[in-house]
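J.: Just so we're aligned, residue 83 is where the sequence shown starts under our numbering, counting upward by one.
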Amino acid sequence: MNNVEIIGFVAGTLVAISVLPQVIKSWKTRSTKDVALAWSVINLTGQILWVIYGFYINSYSLVVMSSITLIMNIFMVSLKLKFG
83 MNNVEIIGFV AGTLVAISVL PQVIKSWKTR STKDVALAWS VINLTGQILW VIYGFYINSY
143 SLVVMSSITL IMNIFMVSLK LKFG
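This is how it looks when you write it as structure tokens:
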């Protein structure tokens, strides 16, 4: 793994972690009233595109970290739809 891939993993980790506090709060409070559905869907769509792009450019770090963030975004959209 080269330095560029390491930077990719660090950046991806930070982006993935950035979603985590909202997911935890929404799960604990069972409330997503302050989370915009449009934001969640746009973010989810962006993550899907990042995963696809990562495959096209053969970037292991981009695919892995975007996939982790994608899973959290799917969970967030699910919480939004469930708890509204």
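Note that the Cβ used here is the ideal one computed from N, Cα and C, for glycine as well.
(1) Could you check the C-alpha separation between Lys115 and Tyr135 for me, to the nearest Å?
(2) Taking the continuous alpha helix (DSSP H) assigned at Gly90, which residues delimit it?
(3) Give the straight-line distance between the Cα atoms of Leu131 and Thr111, rounded to the nearest whole angstrom.
(4) Take Ile89 as the anchor and find which of Val159, Lys164, Leu119 and Ser143 has the nearest alpha-carbon.
(5) Return the Cβ separation of Ser122 and Val159 in integer angstroms, given the expectation that the two are a contact with Cβ distance under 8 Å.
(6) Are the beta-carbon atoms belonging to Leu126 and Leu152 less than 9 Å from one another?
(7) Using CA coordinates, which residue listed in Ile156, Val117 and Gln129 is at the minimum distance from Met147?
T.: According to the data block:
(1) 32 Å
(2) Asn85 to Thr111
(3) 30 Å
(4) Ranking Val159, Lys164, Leu119 and Ser143 by Cα distance to Ile89 puts Ser143 first.
(5) 5 Å
(6) Yes; because the gap between Cβ atoms is below 9 Å, this pair is in contact.
(7) Comparing Cα positions, the closest option is Gln129.
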